[in-house]
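Protein chains in written order, with the numbering used here: chain A, 6 to 170; chain B, 6 to 170.
Backbone N, C-alpha and C define an ideal beta-carbon position, used for all residues, glycine too.
Report on the structure given below.
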């Protein structure tokens, strides 16, 4: 068995956001995909250790911001390598609020979802959300996970499904 | 709401195979992602109308073949636009068998999974499989769904999660 074969799967780069009371929180995700077309639903996988995980369960709504190749790399650093539990990731991030959900301004598109189901695995929750709003914000090529690794030379944090020691 | 925002999600191109008794079956999927790292699990979404869907439920094992940019386009035509119910897709496809599961020879990698859970949505099943074997077969860049659309000018069949009229 060669675990490197798993690196041949393709992904995008996203910030998944929600709120906890009056505070906004969010984290980087790469495992997101559309599940059904009409009504549109998407699934996104988030580690149990990500504070955003428990906040999606209590808020039952989340936004998925699609990052493009020209996104400010600070967004990936802020949302991917710190915890919303002890740090306000939105303090130095340009964002706007739509239907009570935060959206990073520097995304190419956003998708707003209502949580309709979730599945627990050993380390991650697969959230299934029904899309109730989505818009394209700017003209940029969506960043693939492979672009993040090979061009930006980015790393995977420990909580990523694709993390390897 | 602009449904085109959903086209900004990134995917790969895969053939998901399994067997039904002595017969092999399979279909094209683009919605697949790794969920956990250790043990490795992956999720793949397949339309209820795909014959492969019911066969995975009865066989409880499946293979995920990762297609590369240089794959023979006939594979996409065969596995994406016909049904295994009334056509033997493997009759004109080069494949080999590992642990009783068929694998398309012209893939860059394969991942073999044991079904551990599944979630039903209105039109698709999200299968969650634990990886028990995976290998890289050949050196080719994994094809993204965007490459399939923009370079190969491929279309989405009606059963795809990302299908739009």
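Span of the alpha helix (DSSP H) around residue i
| i | result |
| --- | --- |
| residue 57(A) | 56-64 |
| residue 28(B) | No alpha helix (DSSP H) holds residue 28(B); the beta strand (DSSP E) holding it covers 28-34. |
Contact under 8 Å by Cβ, residue i with residue j
| i | j | result |
| --- | --- | --- |
| residue 166(A) | residue 41(B) | yes |
| residue 117(A) | residue 106(A) | yes |
| residue 68(A) | residue 129(A) | no |
| residue 12(A) | residue 32(A) | no |
| residue 73(B) | residue 147(B) | yes |
| residue 66(B) | residue 23(B) | yes |
| residue 141(A) | residue 10(B) | yes |
| residue 71(A) | residue 17(A) | yes |
| residue 48(B) | residue 48(A) | yes |
Rounded straight-line distance, which links the Cα of residue j to that of residue i
| i | j | result |
| --- | --- | --- |
| residue 150(A) | residue 15(A) | 7 Å |
| residue 139(A) | residue 19(A) | 14 Å |
| residue 39(A) | residue 27(B) | 32 Å |
| residue 45(A) | residue 115(A) | 14 Å |
| residue 111(B) | residue 100(B) | 8 Å |
| residue 145(B) | residue 91(A) | 43 Å |
| residue 164(A) | residue 35(B) | 24 Å |
| residue 134(A) | residue 109(B) | 33 Å |
| residue 132(B) | residue 79(A) | 35 Å |
| residue 88(A) | residue 95(A) | 12 Å |
| residue 136(A) | residue 30(A) | 19 Å |
| residue 83(B) | residue 122(B) | 28 Å |
| residue 59(B) | residue 76(B) | 27 Å |
| residue 230(B) | residue 6(B) | Lying before the first or after the last residue shown, residue 230(B) is absent from chain B, which here runs from 6 to 170. |
| residue 104(A) | residue 102(B) | 51 Å |
| residue 64(A) | residue 143(B) | 45 Å |
| residue 93(A) | residue 25(B) | 52 Å |
| residue 125(A) | residue 55(B) | 25 Å |
| residue 53(A) | residue 155(B) | 36 Å |
| residue 168(A) | residue 21(A) | 18 Å |
| residue 127(A) | residue 127(B) | 26 Å |
| residue 113(B) | residue 157(B) | 18 Å |
| residue 8(B) | residue 8(A) | 35 Å |
| residue 81(A) | residue 81(B) | 35 Å |
| residue 43(A) | residue 43(B) | 34 Å |
Per DSSP, cross-strand counterpart(s) of residue i
| i | result |
| --- | --- |
| residue 129(A) | 52(A) |
| residue 46(B) | 41(B), 135(B) |
| residue 147(B) | 73(B) |
| residue 103(A) | 106(A) |
| residue 95(B) | DSSP, once it has assigned bridges, lists no residue as partnering residue 95(B). |
| residue 114(B) | 71(B), 141(B) |
| residue 122(A) | 133(A) |
Opening and closing residue of the beta strand (DSSP E) in which residue i lies
| i | result |
| --- | --- |
| residue 73(B) | Careful: residue 73(B) lies outside any beta strand (DSSP E) and carries neither H nor E. |
| residue 79(B) | Here residue 79(B) belongs to no beta strand (DSSP E); instead the alpha helix (DSSP H) covers 78-85. |
| residue 25(A) | 19-25 |
Residue i: CB within 7 Å of a non-hydrogen atom of the ligand FMN
| i | result |
| --- | --- |
| residue 15(B) | Inclusion of the ligand FMN in the displayed structure is not the case, the ligand content being empty and no account of it being possible. |
(message) If the cut-off is 7 Å on Cβ atoms, which residues from the stretch 16-31 of chain A count as contacting chain B, listed in chain order?
(response) 16, 17
(message) What are the residues in the stretch 142-161 of chain B lying within 7 Å of chain A by C-beta distance?
(response) 147, 149
(request) Note down, in chain order, all residues in the stretch 68-87 of chain A with a beta-carbon under 7 Å from any beta-carbon belonging to chain B. (result) 71
(request) Return the residues of the stretch 91-104 of chain B that lie within a Cβ-Cβ distance of less than 9 Å from chain A, sorted by chain order. (result) none
(message) Using a Cβ-Cβ cutoff of 8 Å, what residues of the stretch 127-143 of chain A are near chain B? List them in chain order.
(response) 127, 128, 129, 131, 133, 136, 137, 138, 139, 140, 141
(request) For the stretch 48-61 of chain A, enumerate the residues whose C-beta is nearer than 8 Å to any C-beta of chain B, in chain order. (result) 48, 50
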